[in-house]
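Take a look at the structure below.
Number of protein chains: 2
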Amino acid sequence: MSNEVEPLSRLAGRSRERGNVMVSACPSRLILEHVTSRWGTLVLIVLQRGTHRFGEMRRAIGGVSERMLAQTLQRLESDGFVDRVARQTVPPHVEYSLTPLGRQAAEQVKALADWIEISMPEINKARERR
Amino acid sequence: MSNEVEPLSRLAGRSRERGNVMVSACPSRLILEHVTSRWGTLVLIVLQRGTHRFGEMRRAIGGVSERMLAQTLQRLESDGFVDRVARQTVPPHVEYSLTPLGRQAAEQVKALADWIEISMPEINKARERR
């Protein structure tokens with residue numbers, strides 16, 4: 015088989031494979047880290063409510079700095095979870111929303127955050143017992 | 015109402031409240047950070063498979079150091095998610111397992127990791143398009 019065909023077919027085969035977060039070199043671990051990063055999680059949850067401007071997101075997420083929010087959005091954009099659209103309005107503004115893949119990621123993260131929020135009374139009790 | 019009674023009843027009332035991860039001072043955000051920390055997530059997933067000794071966990075989680083694993087286990091133990099039992103065997107050894115609350119947390123985190131692992135082909139495609 016020629017070199018032009020072989021690498022492509024191998025790449026295609028590899029990209030069809032399921033990831034394994036237990037393997038440190040697996041790209042799925044990188045995605046897990048992006049999605050579960052301090053601000054990544056909260057950005058996904060806020061965008062699940064709908065399209066947001068940068069300033070709206072900053073106000074919704076308590077404690078996030080401009081720099082961290084911008085970094086987080088860039089990373090989620092390059093992972094294919096967030097869409098960034100610059101509107102040609104006066105003044106121009108930028109809108110962020112979830113891609114279909116981002117909506118699936120946000121659902122998972124939201125379920126986890128919901129469970130934590132609802133379980134806080136029980137978690138507080140468990141923490142007091144320690 | 016006397017000072018001895020009032021603070022207790024207020025505390026009880028507060029601990030029945032649902033958390034809100036968007037508020038930076040809410041304890042639920044701290045729990046979210048513990049559960050979604052790089053190693054916290056992977057420890058919960060490994061312990062979902064059953065009781066593990068320290069060395070077994072270290073081998074199961076690619077790339078974790080002894081120090082980080084010990085720190086992570088201590089934190090999950092004080093959150094009430096992990097039980098630590100020292101067996102009086104020869105040689106003595108320590109076993110880690112999930113509490114009922116920890117099993118619930120692990121289920122949420124496992125669902126997220128499963129989604130990422132299964133979605134890797136689609137995520138890879140999205141990343142290549144950027």
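So the sequences go chain by chain: A and B.
For the first sequence, the working numbering assigns the number 15 to the initial residue and increments by one for each residue that follows.
For the second sequence, the working numbering assigns the number 15 to the initial residue and increments by one for each residue that follows.
Cβ atoms here follow ideal geometry from the backbone N, Cα and C, with glycine treated the same way.
May I ask you to report which of helix, strand or coil DSSP gives residue i?
| i | result |
| --- | --- |
| Gly54 of chain A | helix |
| Arg67 of chain A | strand |
| Glu121 of chain A | helix |
| Leu83 of chain A | helix |
| Ser92 of chain A | helix |
| Arg144 of chain A | coil |
| Ala26 of chain A | Unreliable positioning characterises Ala26 of chain A in this predicted model, as indicated by a pLDDT of 42, which lies under 50. The coordinate reading is nonetheless provided below. In the structure shown, Ala26 of chain A sits in a helix (DSSP, three-state: H, G or I). |
| Gly76 of chain B | coil |
| Arg36 of chain A | Looking at the sequence itself, residue 36 of chain A is Met, so the reference to Arg does not match. Reduced to three states, the DSSP call for Met36 of chain A is coil. |
| Asn17 of chain A | Unreliable positioning characterises Asn17 of chain A in this predicted model, as indicated by a pLDDT of 39, which lies under 50. A coordinate reading is not provided. |
| Glu136 of chain B | helix |
| Glu31 of chain B | coil |
| Asp128 of chain A | helix |
List the DSSP bridge partners of residue i.
| i | result |
| --- | --- |
| Ala100 of chain B | B:Val108 |
Closest to residue i by CA distance: which of the options is it?
| i | options | result |
| --- | --- | --- |
| Gly54 of chain B | B:Cys40, B:Val35 and B:Val78 | B:Val78 |
| Arg117 of chain B | B:Glu91, B:Thr103, B:Pro106 and B:Asn138 | B:Glu91 |
| Thr65 of chain B | B:Ser111, B:Arg143 and B:Ala119 | B:Ser111 |
| Asn138 of chain B | A:Leu115, A:Gly69, A:Thr103 and A:Val104 | A:Leu115 |
| Ser38 of chain A | B:Arg73, B:Arg98 and B:Gln122 | B:Arg73 |
| Gln88 of chain A | A:Cys40, A:Arg143, A:Ile132 and A:Val49 | A:Val49 |
| Leu44 of chain B | A:Glu142, A:Arg143 and A:Met134 | A:Met134 |
| Ala84 of chain B | B:Val57, B:Pro105, B:Asp128 and B:Gln62 | B:Val57 |
| Arg143 of chain B | A:Arg32, A:Arg141, A:Val96 and A:Gly76 | A:Val96 |
| Gly69 of chain A | A:Ala119, A:His107 and A:Lys124 | A:His107 |
| Ser42 of chain B | B:Asp93, B:Glu80 and B:Val99 | B:Asp93 |
| Ala140 of chain A | B:Met71, B:Thr113 and B:Val99 | B:Thr113 |
| Lys124 of chain A | A:Glu136, A:Gln62 and A:Glu31 | A:Gln62 |
| Asp128 of chain A | B:Asp128, B:Ile132 and B:Ala119 | B:Ala119 |
Run down chain A in chain order and give the residues with a C-beta less than 9 Å from the C-beta of residue i.
| i | result |
| --- | --- |
| Asp93 of chain B | Ile137, Ala140, Arg141 and Arg144 |
| Pro41 of chain B | Met134, Ile137, Asn138 and Arg141 |
Mind reading off the beta-carbon distance from residue i to residue j? Whole number of angstroms is fine, and I expect it under 8 Å.
| i | j | result |
| --- | --- | --- |
| Val60 of chain A | Leu46 of chain A | About 20 Å; that fails the 8 Å criterion. |
| Glu109 of chain B | Arg52 of chain B | Rounded, the Cβ-Cβ distance is 23 Å, inconsistent with contact. |
| Gln102 of chain A | Leu126 of chain B | Not confirmed; about 37 Å, so no contact. |
| Gly33 of chain B | Ile130 of chain A | 6 Å |
Could you tell me which chain A residues have their CB closer than 8 Å to the CB of residue i, listed as they occur along the chain?
| i | result |
| --- | --- |
| Gly77 of chain B | Ser38 |
| Leu49 of chain B | Contrary to the premise, residue 49 of chain B reads as Val rather than Leu in this sequence. Correct list: Leu126 and Ile130. |
If you measure from the beta carbon of residue i to each beta carbon in chain D, is any gap under 7 Å?
| i | result |
| --- | --- |
| Gln122 of chain A | You won't find chain D in this structure, because its protein chains are A and B. |
Could you tell me which chain B residues have their CB closer than 9 Å to the CB of residue i, listed as they occur along the chain?
| i | result |
| --- | --- |
| Val99 of chain A | Correct list: empty, because the minimum Cβ distance to chain B is about 15 Å. |
| Ala74 of chain A | Met36 |
Report the neighbours of residue i on chain A: residues whose CB is nearer than 7 Å to its CB, in chain order.
| i | result |
| --- | --- |
| Thr55 of chain B | Leu46 and Thr50 |
Starting from residue i, find everything on chain B with Cβ-Cβ shorter than 7 Å and list it in chain order.
| i | result |
| --- | --- |
| Arg32 of chain A | Glu131, Ile132 and Met134 |
Please list the partners that residue i has in chain B, where partner means a Cβ-to-Cβ separation under 8 Å.
| i | result |
| --- | --- |
| Gln118 of chain A | Trp129 and Ser133 |
| Leu112 of chain A | By Cβ distance, chain B contributes nothing, its closest Cβ being about 12 Å from Leu112 of chain A, past 8 Å. |
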